[in-house]
Structure formats: C-alpha cells, structure tokens
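Before any comments, here is the structure.
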Amino acid sequence: GNRRSLAFGSAEEPKEALEEVPAEQRVKELSGKVSALNTQITAQRVQNDKLKQEMGRVREALKRELGDVPVERALEDGAGWTGRAQQISLLQSKVTQLKRDIQANLEAKLRSPGKSDGGGGSQPSSPQ
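What follows is the structure, given as structure tokens:
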C-alpha cells in the first residue's frame, strides 16, 4: 500500500508526510487532481479538433492555389517546384521585357526605314 501512495505523491513530499495523511483525504486530493487533468484533456481535445478543421480549410485553399499539382509535391524540400504566384511573377517580368524589346525594335525601324527593307527600294532598276 505504501508503494502506491508514493507513486501518486509529488517528489517534494517526504515519505512520512504521505503516511500521516488519512486515506480518505488522499483519495479526495487525487480525485481532484484527476478531475483537473480530465478538464485539461478535454480542453486539449477541443483545441485539437479546431486545429484539424483549420488544417483542412488551409489544405483546401492550398489545393485551389496549386491547381493540379499534388500538395505533397509542393511541400517536399528541394522538389524544384515553383508555385503559381512565382510563375506569374516570372511571366510578368518576361512580358515586360518583351514589350521593351518590341518598343526598341519599332523605334529603331522608325529611325532608319531604309535598312529594314533589305535595301531593294533605293537601288536603280536594271535596263531591259
């Protein structure tokens, strides 16, 4: 019986203090501790359920963002995967650069129209 009392007692309580406490009082104390722990467990379960629901919502949002790419592939480290937002940014940069190139080519053609047609319009015609 003494061994059980020690197992439930805190480390700070000396052995003599455990033996002096009546069994009914010790049972009452332990019942209170069990009740408090059950309350904590219930609270943790509720929090766990809320987190599971939130994770499900985040997973669904991630699926919508990823499109046809499996979520697991996006989560892998070093998979070489680029997200849609990153792809959009890269494509926008390319579009901006291509617009600059087109504008530069148009301006170059407007400045020197003779060079762009191969020089055929400025040569004299041959005799027939």
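Letter 32 of the sequence shown, counting from 1, is numbered 45 in our numbering, and no numbers are missing.
Here a beta-carbon is modelled for each residue, glycine too, at the ideal position from N, C-alpha and C.
Rounding to the nearest angstrom, what Cα-Cα distance links L119 and T109 in this structure? Along the sequence shown, one-based indexing puts residue 119 at 106. Along the sequence shown, one-based indexing puts residue 109 at 96. Taking the straight line from one Cα to the other gives about 15 Å.
Using a threshold of 8 Å, state whether the C-beta atoms of G72 and V82 are closer than that. Here residue 72 corresponds to residue number 59 of the sequence shown, with the count starting at 1. Here residue 82 corresponds to residue number 69 of the sequence shown, with the count starting at 1. Here residue 72 is Arg; the residue named in the question, Gly, does not match the sequence. Judged by beta-carbon spacing, V82 lies beyond the 8 Å limit of R72, meaning their Cβ atoms are not closer than that value.
Quick one: complete alpha helix (DSSP H) runs, 4+ long, within the segment 67-128? Runs of the alpha helix (DSSP H) lying entirely within the segment 67-128 and spanning at least 4 residues, in chain order: 84-88 and 97-124.
CA-to-CA distance, Q53 to L19, given in whole angstroms: Locating residue 19 in the sequence shown gives position 6, where the first residue counts as 1. Locating residue 53 in the sequence shown gives position 40, where the first residue counts as 1. At L19 the pLDDT is 44, less than 50, meaning the model places this residue with poor confidence; the figure from the coordinates comes in the next sentence. In a straight line, the C-alpha of L19 is about 24 Å away from that of Q53.
To the nearest angstrom, how far is it from the Cα of R124 to the Cα of S106? For the purposes of this step, residue 124 is identified with residue 111 of the sequence shown, where counting begins at 1. For the purposes of this step, residue 106 is identified with residue 93 of the sequence shown, where counting begins at 1. The alpha-carbon atoms of R124 and S106 are separated by roughly 27 Å.
Short of 8 Å in beta carbon distance, which residues of its chain neighbour W94, apart from the five on each side in sequence? Order them along the chain. Taking the first residue of the sequence shown as 1, we reach residue 94 at position 81. The beta carbon of W94 sits closer than 8 Å to those of V82, R86 and A87, all from its chain and outside the five residues before and after it, given in chain order.
Distance between beta carbons of G80 and R97, contact taken as under 8 Å: Locating residue 97 in the sequence shown gives position 84, where the first residue counts as 1. Locating residue 80 in the sequence shown gives position 67, where the first residue counts as 1. Sure, about 7 Å apart at Cβ, within 8 Å.
Can you tell me the Cα-Cα spacing of R39 and T55, whole angstroms? Counting from 1 along the sequence shown, the entry for residue 39 is found at position 26. Counting from 1 along the sequence shown, the entry for residue 55 is found at position 42. Roughly 24 Å between the two C-alpha positions.
Cβ neighbours of L75 in the same chain (closer than 7 Å, five flanking residues each side left out): What you label residue 75 is simply residue 62 of the sequence shown in a count that begins at 1. Listed in chain order, the non-local C-beta contacts of L75 below 7 Å within the same chain comprise V84, local neighbours out to five positions each way being set aside.
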